[in-house]
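Asks:
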Amino acid sequence: MVDDFPKVSALVRSQLKFALRDEAIKQLYEFEKDMLEVEYKVIRDRKLKELELDDDLLSKPQ
Numbered sequence: 001m002v003d004d005f006p007k008v009s010a011l012v013r014s015q016l017k018f019a020l021r022d023e024a025i026k027q028l029y030e031f032e033k034d035m036l037e038v039e040y041k042v043i044r045d046r047k048l049k050e051l052e053l054d055d056d057l058l059s060k061p062q
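According to the working numbering, the sequence shown is numbered sequentially starting from 1.
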């Protein structure tokens, strides 16, 4: 269980970042919906894409 904490933490941060996009115009119920009604698979897939993008950016010569 403790070994999963970094993974779960990264997924929660990713979902928060997604849910808070355009926060200036977002209503509380929309935020709640984004946080509670999104399937785990969607969150995981989005985080994997973020990691791939970060990896691509880091591996490019500057």
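Even glycine gets a Cβ: it sits at the ideal position worked out from N, Cα and C. Here the structure is a predicted model, which is why all the values come from computation and not from measurement.
#1: Have a look at leucine 51 and aspartate 4 and give me their C-alpha separation to the nearest angstrom.
#2: With a cut-off of 7 Å, does the C-beta of phenylalanine 5 fall near any C-beta of chain D?
#3: Heavy atom of the ligand ADP less than 6 Å from the Cβ of valine 42, yes or no?
#4: Please classify aspartate 22: does DSSP put it in a helix, a strand, or coil?
#5: Contact check, phenylalanine 18 vs arginine 46 under 8 Å by CB: the rounded distance?
Replies: Concretely, from the data shown:
#1: 17 Å
#2: Protein chain content of the structure displayed is limited to a single chain, and chain D is not contained in it.
#3: Because no ligand of any kind appears in the structure shown, any question about the ligand ADP cannot be addressed here.
#4: coil
#5: 6 Å
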